Amino acid sequence: MFDIIIIYTKRHFTKDEIKGFRGAPFRVRGDGMPDSTYICIDLKSYYASVECGPCGFDPLAARLLVADEIRSDNTLVSTISSSEVTMKKKSNCKCCAFTGYRPAKMPWGYDEMDARCLEFKFRLRESLEYLIGRGYVDFLSGGALGFDQMAAEIVLSLREKYPWIHLIMVIPFDGQADRWTEVQRKRWLDIIEASDRVIHISHAYDKGVFFRRNHYMVEHADLLLAAFDGQPGGTAGTVAYARRHGVRVLRLPPVKAPMRNVG
Numbered sequence: 035m036f037d038i039i040i041i042y043t044k045r046h047f048t049k050d051e052i053k054g055f056r057g058a059p060f061r062v063r064g065d066g067m068p069d070s071t072y073i074c075i076d077l078k079s080y081y082a083s084v085e086c087g088p089c090g091f092d093p094l095a096a097r098l099l100v101a102d103e104i105r106s107d108n109t110l111v112s113t114i115s116s117s118e119v120t121m122k123k124k125s126n127c128k129c130c131a132f133t134g135y136r137p138a139k140m141p142w143g144y145d146e147m148d149a150r151c152l153e154f155k156f157r158l159r160e161s162l163e164y165l166i167g168r169g170y171v172d173f174l175s176g177g178a179l180g181f182d183q184m185a186a187e188i189v190l191s192l193r194e195k196y197p198w199i200h201l202i203m204v205i206p207f208d209g210q211a212d213r214w215t216e217v218q219r220k221r222w223l224d225i226i227e228a229s230d231r232v233i234h235i236s237h238a239y240d241k242g243v244f245f246r247r248n249h250y251m252v253e254h255a256d257l258l259l260a261a262f263d264g265q266p267g268g269t270a271g272t273v274a275y276a277r278r279h280g281v282r283v284l285r286l287p288p289v290k291a292p293m294r295n296v297g
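Once you know that position 7 of the sequence shown is 41 in this note's numbering, the rest is easy, because the numbers rise by one and skip nothing.
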């Protein structure tokens, strides 16, 4: 059994390099993707070793798998397995997943210049800085319109101040943004390109893909940060799933409740 650290870099495999994997000690499918468990593919050992430090691993002893985050015909992208859960539990890094409403359920709708939205983003930024100060390094966003994208963008802005944090996008299926407006697709793509890592739950849409995406994020998180005020729906279901699995939930209501006089 190997402890595998998966580090993503900007390095691409060429087609010739992929063909060369056919002589390696694991099978390769017809599409050029290895079909067995990875042991070690070291593309940029220096950067991988540097990443070990914040995660609490000994760079001289850890077994590393380095792979590219960009999906293309010339790219090798590692599959996600239960070894990641083992790695997270052994690591000192903490992971926070996001869940929250889409614009239709937010009191300001699509108007992010609304004073209520600006106040919410201020509280969200404060909450994220609080978590970073308490050891949270990885932040998982599902990429949906509304809270998912707000949270992702704030993580990216905080990365300039805290360069050791990572934004990990957990995309339900490859065409998530295909039916959105051009402006919405551009915003989504900008976040994807700026993120540290992209995980695709499925290539194609099916009825259960959003549930699998939400469950994956909860199962890989130490904390669920939820833009949630009790409304029924997918966010409520994800919060309930987290509680059933012993994952701490931090609620961040879209509108801050007024203070009550106690007398």
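Heads up, the beta-carbon is just placed ideally off N, CA and C, and yes, glycines get one too. Predicted model, so just to flag it, every value in this text is computed and none were measured.
Residue i (DSSP reduced to helix, strand or coil)
i, result
"K128", "strand"
"C151", "helix"
"F156", "helix"
"A261", "strand"
"Y170", "strand"
"G280", "coil"
"V232", "strand"
"K206", "Inspection of the sequence shows that residue 206 is occupied by Pro rather than by Lys. Strand at P206."
"L165", "helix"
"G134", "strand"
Range covered by the alpha helix (DSSP H) that runs through residue i
i, result
"Y250", "243-253"
"R219", "216-228"
Boundaries (first-last residue) of the beta strand (DSSP E) holding residue i
i, result
"M184", "Careful: M184 lies outside any beta strand (DSSP E), inside the alpha helix (DSSP H) at 181-192."
Per-residue burial, residue i [other beta carbons within 10 Å of its own, 16 or more giving buried]
i, result
"L152", "exposed"
"M140", "buried"
"D212", "exposed"
"Q183", "buried"
"Y164", "exposed"
"P288", "buried"
"T133", "buried"
"H254", "buried"
"M251", "buried"
"T215", "exposed"
"I188", "buried"
"R247", "buried"
Short Cβ contact (9 Å threshold) for residue i with residue j
i, j, result
"A131", "L162", "no"
"D256", "Y170", "yes"
"S236", "A186", "no"
"F2", "H249", "Absent from the model: residue 2. The displayed extent of the chain is 35 to 297, so no value can be given."
"G267", "F245", "no"
"G180", "V204", "no"
"I226", "I199", "no"
"R282", "A276", "yes"
"Q218", "Y135", "no"
"R231", "L201", "yes"
CB contact below 9 Å: residue i versus chain B
i, result
"E163", "This model lacks chain B altogether, as it is built from one protein chain only."
Three-pair Cβ contact test at 8 Å for the stretch 157-175 versus the stretch 252-270
yes
Would you call the stretch 192-212 and the stretch 222-242 in contact, with 3 or more CB pairs under 8 Å?
yes
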